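Q: Numbering (my numbering), first residue to last: 20 to 369.
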Ligand SMILES: [Zn+2]
Ligand SMILES: [Zn+2]
C-alpha cells in the first residue's frame, strides 16, 4: 500500500434543495478507536435524496452522504485493538453509537440516544475513503463482492430487522410487502426463509417478476385486486403482517385494509409528514402499528452470514461511478432497475 492521497472525491449535500454534487475534500483522519476504510462500493438509497431536501438535519454542510459502505481497512487510528488489521474487508453499520446509554446497554443500538449516523450526522461512504469506529465494522468473506457487501447494512439488514425483530414473522404466516423495490426484493427472500407466504405488490412488471423469482405471489396493483388475492390466500382472514415500503396515505389505507385483526403493520417508509390512520379499525381490530428503524450490528453480522451461506442473494440493479451521480439520481427516480443502485469503480462493474 502506497502513501494515501491528501484529498478525495465524494458525493455531498452542499446546500439543501440543490443537487447532489461531487466535491473534493480532505481524506479523513481516523480518530481514537477508528480506522480509515478505502471504499470499494457504496449503496445509493432514496434516503440520500430525502437528505438533500433537508428532511433530516445533517449538521454542518457540506456533508458526504452514503450509509451503505464496504471496502478495505487502509489505516488504523490510535488504540485500535488487534482484531483489526490493514487489508481487512469490511462492511459498515450505519449508526455510530455511544455504547453507554440505556439502549446501547440493552443491545438496541438502533435507538441510541447519542447516535451519529454514517452519511447523516457524520461523513459517509459515497467517497474514496471514510473514517469509522471499529465498533461499526463487520468482516466480510472473500466470497461476497464489495458491491454485494455494501448494500447489506441497510437494504438487507434493515429489512431483516423489520420483518424478523419487529414483525416477528414466522412459519405459515402471510406477509404482504407493499413495494417490491430495493427493500422489497430482499424482504421477499427473508420472509420466504422465515417460512412465511409472501404477497408482493408493485406496478413495474420487471420488479414483480423479480419478486416472483424469489418466491412471492406478485400483485400488479394497476391491474389486479390486492384484496381478492389476500382473501383467497388467507380464506378471508387477512394477512398477519404488512411491510409498507411506500409510506404514503394510500399505502397505509391499502395495508390496513388487508390486515387481519391483531395484525402488525410495519412502518418502514415515511413519504408523508403525517399518516392518516382510521381510528375505529385501529381500535376495534387491535392493529399494531410498528416503527422499524435501521438495524443492529448483530443484524448485519447475521445477514453477512446468510449471504455467505447462499440463504439471501443481494440484488443490485445498476452500477455507477461516483462521478456519475446525476445518472444515478435519474436511475433512482425512474425506478426501472431491480434492487439496489451501487456506486463503485468502473473496473468492478460486473
Ligand atoms: Zn437508506
Ligand atoms: Zn447509546
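Even glycine gets a Cβ: it sits at the ideal position worked out from N, Cα and C.
On a predicted model such as this, the values are computed, not experimentally measured, just so you know.
Using 8 Å as the cut-off, classify the Cβ of residue 267 as near or not near the heavy atoms of ligand 2, replying yes or no.
A: Numbered from its first residue, the chain shown carries residue 267 at position 248. Residue 267: no, Cβ never under 8 Å from ligand 2.
Q: Does the Cβ of residue 16 have 16 or more other Cβ atoms within 10 Å, making it buried, or fewer, making it exposed?
A: In the structure as shown, the chain starts at 20 and stops at 369, and residue 16 therefore has no counterpart that could be examined.
Q: Going straight from the alpha carbon of residue 250 to that of residue 157, what length do you get?
A: Taking the first residue of the chain shown as position 1, residue 250 is located at position 231. Taking the first residue of the chain shown as position 1, residue 157 is located at position 138. Rounded to whole angstroms, residue 250 to residue 157 spans 42 Å at the Cα level.
Q: List the DSSP bridge partners of residue 146.
A: The count along the chain shown starts at 1 and reaches residue 146 at position 127. DSSP lists 29 as partners of residue 146.
Q: To test your reading of the DSSP string, which unbroken alpha helix (DSSP H) runs of 4 or more residues are found completely within the region 206-249?
A: Segments of the alpha helix (DSSP H) lying fully in the region 206-249: 224-232.
Q: What are the partner residues of residue 321, as DSSP defines its beta bridges?
A: As a working mapping, residue 321 is identified with position 302 in the chain shown. According to DSSP, which records beta bridges pairwise, residue 321 is partnered with nothing at all.
Q: Grouping DSSP H, G and I as helix and E and B as strand, with all else coil, what is residue 272?
A: For the purposes of this step, residue 272 is taken as the residue at position 253 of the chain shown. Helix.
Q: Between the C-alpha atoms of residue 126 and residue 152, what's the straight-line distance to the nearest angstrom?
A: The residue you call residue 126 lines up with position 107 of the chain shown. The residue you call residue 152 lines up with position 133 of the chain shown. The alpha-carbon atoms of residue 126 and residue 152 are separated by roughly 17 Å.
Q: How would you write the range of the alpha helix (DSSP H) that residue 340 sits in, first residue to last?
A: Looking up residue 340 in the chain shown gives position 321. It is not in any alpha helix (DSSP H) - residue 340 carries neither H nor E in the DSSP assignment.
Q: Who are the Cβ neighbours of residue 97 in its own chain at under 6 Å, not counting the five residues just before and after it?
A: Indexing the chain shown from 1 puts residue 97 at position 78. Only 51 meet the Cβ criterion.
Q: Roughly how many angstroms separate the alpha carbons of residue 231 and residue 194, rounded to a whole number?
A: Locating residue 231 in the chain shown gives position 212, counting from the first residue. Locating residue 194 in the chain shown gives position 175, counting from the first residue. So the two alpha carbons sit approximately 14 Å from each other.
Q: Can you check whether the CB of residue 49 is closer than 9 Å to the CB of residue 150?
A: Within the chain shown, the letter at position 131 stands for residue 150. Within the chain shown, the letter at position 30 stands for residue 49. Closer than 9 Å, so yes.
Q: Residue 99 to residue 53, Cα distance in whole Å?
A: Residue 99 sits at position 80 when you count from the first residue of the chain shown. Residue 53 sits at position 34 when you count from the first residue of the chain shown. For residue 99 and residue 53, the distance between alpha carbons rounds to 7 Å.
Q: For ligand 1, any of its heavy atoms closer than 8 Å to the Cβ of residue 66?
A: Indexing the chain shown from 1 puts residue 66 at position 47. Result yes, Cβ under 8 Å from ligand 1.
Q: Can you list, in chain order, the residues of its chain with a C-beta nearer than 8 Å to that of residue 281? Leave out the 5 residues immediately preceding and following it.
A: Reading the chain shown from its first residue, position 262 is the one you call residue 281. Taken in chain order, the residues that qualify are 304, 305, 306, 307.
Q: Using three-state DSSP, classify residue 92 as helix, strand or coil.
A: As a working note, residue 92 is residue 73 in the chain shown. Of the three classes helix, strand and coil, the one that applies to residue 92 here is strand, per DSSP.
Q: Is DSSP giving residue 369 helix, strand or coil here?
A: As a first step, residue 369 is located in the chain shown; it is residue number 350 there, counting from the start. Low local confidence applies: a pLDDT of 46 at residue 369 is under 50, so the model's placement there is unreliable, with the coordinate-based value given in what follows. Residue 369: coil per DSSP, three-state reduction.
Q: Sorted by chain position, which residues of the same chain lie with C-beta nearer than 6 Å to residue 90's C-beta, five sequence neighbours on each side aside?
A: Position 71 of the chain shown holds residue 90. Contacts found: 56, 57, 58, 59.
Q: From what residue to what residue does the alpha helix (DSSP H) around residue 124 run?
A: Along the chain shown, read from residue 1 onward, the residue named residue 124 stands at position 105. Residues 121-124.
Q: My output table needs one value for residue 43: the three-state DSSP class, helix, strand or coil.
A: Residue 43 sits at position 24 when you count from the first residue of the chain shown. If DSSP states are grouped into helix, strand and coil, residue 43 belongs with the strands.
Q: Per DSSP, residue 360 is paired with what?
A: Here residue 360 is taken as the residue at index 341 of the chain shown, counted from 1. In DSSP, residue 360 forms a bridge with 63, 337.
Q: Any heavy atom of ligand 1 closer than 8 Å to the CB of residue 174?
A: Reading the chain shown from its first residue, position 155 is the one you call residue 174. Yes.
Q: Assign residue 36 to one of three DSSP states: helix, strand, or coil.
A: Residue numbering aside, residue 36 sits at position 17 when the chain shown is read from its first letter. Three-state result, residue 36: coil.
Q: May I ask you to report which of helix, strand or coil DSSP gives residue 298?
A: By 1-based counting over the chain shown, the position of residue 298 is 279. Of the three classes helix, strand and coil, the one that applies to residue 298 here is helix, per DSSP.
Q: Which first and last residues belong to the beta strand (DSSP E) in which residue 263 is found?
A: By one-based count along the chain shown, residue 263 stands at place 244. It spans 258-263 - the beta strand (DSSP E) in which residue 263 sits, taken as one unbroken run.
Q: As a quick exercise: from 261, 128, 252, pick the residue whose alpha carbon is nearest that of residue 6.
A: Residue 6 cannot be examined here, being either before or after the span of the chain that is shown, 20 to 369.
Q: Does the distance between the C-beta of residue 134 and the nearest non-hydrogen atom of ligand 2 fall short of 8 Å?
A: For the purposes of this step, residue 134 is taken as the residue at position 115 of the chain shown. True, at least one ligand heavy atom lies under 8 Å from that Cβ.
Q: One question on the structure: do residue 360 and residue 139 come within less than 9 Å of each other, judged by their Cβ atoms?
A: Locating residue 360 in the chain shown gives position 341, where the first residue counts as 1. Locating residue 139 in the chain shown gives position 120, where the first residue counts as 1. No. Outside cutoff.
Q: Should residue 177 be listed as close to ligand 1, given that the test is whether its C-beta is under 8 Å from any heavy atom?
A: On the chain shown, residue 177 is found 158 positions in, with the first residue counted as 1. Yes, the Cβ of residue 177 comes within 8 Å of a heavy atom of ligand 1.
Q: With a CB to CB cut of under 8 Å and the five nearest residues on each side skipped, what residues in its chain are close to residue 347?
A: As a position in the chain shown, residue 347 is number 328, starting the count at 1. Cβ neighbours of residue 347 beyond the five flanking positions: 63, 337, 339, 360, 362.
Q: Identify every residue that forms a DSSP beta bridge with residue 164.
A: Indexing the chain shown from 1 puts residue 164 at position 145. Answer by DSSP bridge pairing: none, since residue 164 is not bridged.
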